[in-house]
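With full-length UniProt numbering as the guide, the letters of the sequence shown map in order to residues 1 to 396.
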Amino acid sequence: MSKILDEYLASNLQELKNNGLYNEIDVVEGANGPEITIGGKKLINLSSNNYLGLATDETLKKVAKEAIDTHGVGAGAVRTINGTLDLHVDLEETLAKFKGTEAAVAFQSGFNCNMAAIQAVMGKEDAILSDELNHASIIDGCRLSRAKIIRVNHSDMDDLRKKAKEAVESGQYGKVMYITDGVFSMDGDVALLPEIVEIAKEFDLITYVDDAHGSGVMGKGAGTVKHFGLEKEIDIQMGTLSKAIGVVGGYVAGSQNLIDYLKVAARPFLFSTSLTPGDTRAITEAVHKLMDSTELHDKLWENGDYLKKGLKNLGFDIGNSATPITPCIIGDEKTTQEFSKRLMEEGVYAKSIVFPTVPKGTGRVRNMPTAAHTKEMLDDALAAYEKVGKELNVIS
Numbered sequence: 001m002s003k004i005l006d007e008y009l010a011s012n013l014q015e016l017k018n019n020g021l022y023n024e025i026d027v028v029e030g031a032n033g034p035e036i037t038i039g040g041k042k043l044i045n046l047s048s049n050n051y052l053g054l055a056t057d058e059t060l061k062k063v064a065k066e067a068i069d070t071h072g073v074g075a076g077a078v079r080t081i082n083g084t085l086d087l088h089v090d091l092e093e094t095l096a097k098f099k100g101t102e103a104a105v106a107f108q109s110g111f112n113c114n115m116a117a118i119q120a121v122m123g124k125e126d127a128i129l130s131d132e133l134n135h136a137s138i139i140d141g142c143r144l145s146r147a148k149i150i151r152v153n154h155s156d157m158d159d160l161r162k163k164a165k166e167a168v169e170s171g172q173y174g175k176v177m178y179i180t181d182g183v184f185s186m187d188g189d190v191a192l193l194p195e196i197v198e199i200a201k202e203f204d205l206i207t208y209v210d211d212a213h214g215s216g217v218m219g220k221g222a223g224t225v226k227h228f229g230l231e232k233e234i235d236i237q238m239g240t241l242s243k244a245i246g247v248v249g250g251y252v253a254g255s256q257n258l259i260d261y262l263k264v265a266a267r268p269f270l271f272s273t274s275l276t277p278g279d280t281r282a283i284t285e286a287v288h289k290l291m292d293s294t295e296l297h298d299k300l301w302e303n304g305d306y307l308k309k310g311l312k313n314l315g316f317d318i319g320n321s322a323t324p325i326t327p328c329i330i331g332d333e334k335t336t337q338e339f340s341k342r343l344m345e346e347g348v349y350a351k352s353i354v355f356p357t358v359p360k361g362t363g364r365v366r367n368m369p370t371a372a373h374t375k376e377m378l379d380d381a382l383a384a385y386e387k388v389g390k391e392l393n394v395i396s
């Protein structure tokens with residue numbers, strides 16, 4: 001190895017460890033369900049994005065196996081050569097119905113969606129207004145587009161209106177887009193979409209909603225845009241197929257022209273092999289489940305409300321979450337890391353989230369209750385929180 005590279009890596013790793021910012025990766029032994037096994041120990045799992053428990057659903061496993069038998073383990077090519085299977089077409093038609101749009105296109109990951117769609121639509125002559133707490137994939141997609149990036153204060157509609165007015169009236173930009181998460185993954189709050197749409201209409205902004213944590217969670221499962229009844233108003237909806245949907249991948253939904261354009265201009269679509277047959281079939285089945293019944297959605301919210309109430313009653317700062325995502329904001333990074341470690345010793349897996357994922361001084365343990373958790377599991381988790389919170393003087 002190059003000496004200069006080795007010194008750079010060693011120095012940066014040590015600095016991260018000294019500041020409590022080095023993330024130890026835990027290995028799950030078996031499936032990622034409401035309980036997981038790490039190092040031979042069974043733990044209540046409050047760190048998964050598997051909101052509806054579909055990652056271990058028996059029907060999804062069955063149809064995935066059947067698709068492998070009929071279509072193989074891989075698609076064999078990129079979508080534009082001969083990697084578009086009938087399964088992909090069925091999935092995308094189902095996603096469009098689910099999201100209430102004319103069309104949809106599936107990608108290999110949610111990160112790929114933002115890398116693909118933003119840079120395909122926006123260019124160096126354009127400007128992007130971006131909420132300051134947007135996901136890293138949005139930030140990277142904006143950078144790749146080479147558009148002017150204008151940061152907007154988090155969910156601050158006065159700031160959005162001011163900066164939209166300045167951008168449009170400057171005459172410097174061909175197109176101006178506003179992009180936001182639908183549900184913000186670290187705090188659990190929801191974008192103010194009705195107000196955003198009004199401002200967008202006033203200044204003719206392109207609207208883009210990343211609904212990675214809203215799909216399957218908001219709008220009786222159909223997402224944050226559906227929750228507000230704005231399917232006809234939001235230009236671009238993006239979401240993942242790996243969280244509430246339980247499998248892997250992502251999608252972009254919108255007008256037929258948008259989807260047709262992405263299929264010829266989005267680089268991850270053009271240059272990456274398609275989703276596997278088994279995954280594609282399982283995703284389609286999961287979406288049909290959500291379209292047919294709200295049972296899993298309702299159970300998720302019941303469990304989320306139960307855990308949120310319990311933590312708040314214990315005296316924890318759970319921020320302004322309006323969704324099942326429930327942060328316990330500790331603050332200091334080292335204390336946050338220690339809190340998570342002690343929870344694990346008490347049988348609860350709730351991962352610490354620190355800088356750079358969240359701003360310095362706002363470290364939190366992020367809880368993700370799912371539809372698959374039982375009340376007994378949540379009660380055990382609350383008991384562990386109370387014990388560790390008092391031990392570390394986080395609560396009285």
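Beta carbons: idealized from backbone N, C-alpha and C, even for Gly.
Here the structure is a predicted model, which means the values were calculated and not measured.
- Along the length of the region 202 to 232, whole alpha helix (DSSP H) runs at least 4 residues long occupy 224 to 227, reported in chain order.
- The Cβ atoms of Met177 and Leu144 do not sit closer than 8 Å to each other.
- Inside the region 110 to 146, DSSP marks whole beta strand (DSSP E) runs of 3 or more residues at positions 127 to 131, from first to last along the chain.
- Within a 10 Å sphere around the beta-carbon of Phe107 sit 16 or more other beta-carbons, which makes this residue buried.
- Under DSSP, Met344 takes part in no beta bridge, so it has no partner.
- Within the same chain, and ignoring the five residues on either side of Ala77 in sequence, the residues whose Cβ sits closer than 8 Å to its Cβ are Gly83, Thr273 and Ser274.
- Excluding its 5 nearest sequence neighbours in each direction, Thr37 has C-beta neighbours in its own chain below 8 Å: Val28, Glu29, Gly30 and Leu43, listed in chain order.
- The beta carbon of Ala120 is closer than 8 Å to those of Tyr261, Leu262, Ala265, Ala266 and Arg267 in its chain, skipping five residues each way along the sequence.
- Assignment of beta-bridge partners to Val190 by DSSP yields Val183.
- Non-local beta-carbon contacts of Gly123 in its own chain, meaning distances under 7 Å to residues more than five positions away in sequence, involve Ser145, Arg146 and Ala147 in chain order.
- A direct Cα-to-Cα measurement between Asp57 and Glu35 gives close to 14 Å.
- Apart from the 5 residues on each side of it in sequence, Glu132 sits with its Cβ closer than 8 Å to the Cβ of Arg151, Val152, Asn153 and His154 in its chain, given in chain order.
- Put simply, of Glu125, Leu290, Gly319 and Ile234 the residue whose alpha carbon is nearest the alpha carbon of Thr94 is Leu290.
- In this structure, the alpha-carbon of Glu295 lies about 26 Å from that of Leu192.
- Relative to Ser340, the option among Ala381, Leu300, His373 and Phe111 whose CA is nearest is Ala381.
- DSSP places Gly278 in the helix class (H, G or I) of the three-state scheme.
- Inter-residue distance for Gly72 and Phe269 is about 21 Å (C-alpha atoms, whole angstroms).
- Shown here, Asn45 sits in a strand according to DSSP, grouped into three states.
- Ile330 is positioned such that its CB atom lies closer than 8 Å to that of Val394.
- Counting only the Cα atoms, Met218 lies some 8 Å from Lys226.
- Thr326 and Gly363 do not touch by the CB rule: their CB atoms are close to 15 Å apart, not below 8 Å.
- In the DSSP annotation of this structure, the continuous segment of the beta strand (DSSP E) that includes Phe107 starts and ends at Ala103 to Phe107.
- Only residues of its own chain outside the window of five on either side were considered, and among them Glu29 have a CB closer than 8 Å to the CB of Gly40, listed in chain order.
- DSSP places Glu29 in the coil class of the three-state scheme, outside both helix and strand.
- For the region 354 to 390, the full-length beta strand (DSSP E) segments reaching 3 residues or more read 363 to 367 along the chain.
- Short of 6 Å from the beta carbon of Gly319, and not among the five residues preceding or following it, lie these beta carbons of its own chain, in chain order: Asp187, Pro327 and Ile329.
- Looking at the DSSP output, Gly239 shares a beta bridge with Tyr251.
- The three-state secondary structure of Ile329, taken from DSSP, is strand.
- Per the DSSP secondary-structure output, Lys148 pairs in a beta bridge with Ala127.
- Between Arg79 and the set Ala117, Leu9, Gly246 and Phe271, the nearest pair of CA atoms involves Phe271.
- Three or more Cβ pairs closer than 8 Å define a contact, and the region 277 to 285 meets that threshold against the region 53 to 69.
- Linking Gly315 to Asp90 through their CA atoms gives a straight-line distance of about 48 Å.
- Contact between Ala212 and His135 holds, with the beta-carbon distance rounding to 7 Å and staying under 8 Å.
- The C-beta of Leu16 has fewer than 16 other C-beta atoms within 10 Å across all chains shown, which makes the residue exposed.
- At the C-beta level, Gly361 and Ala384 stay beyond 8 Å of one another.
- Following the DSSP letters along the chain, one finds Ile395 in no alpha helix (DSSP H), marked with neither H nor E.
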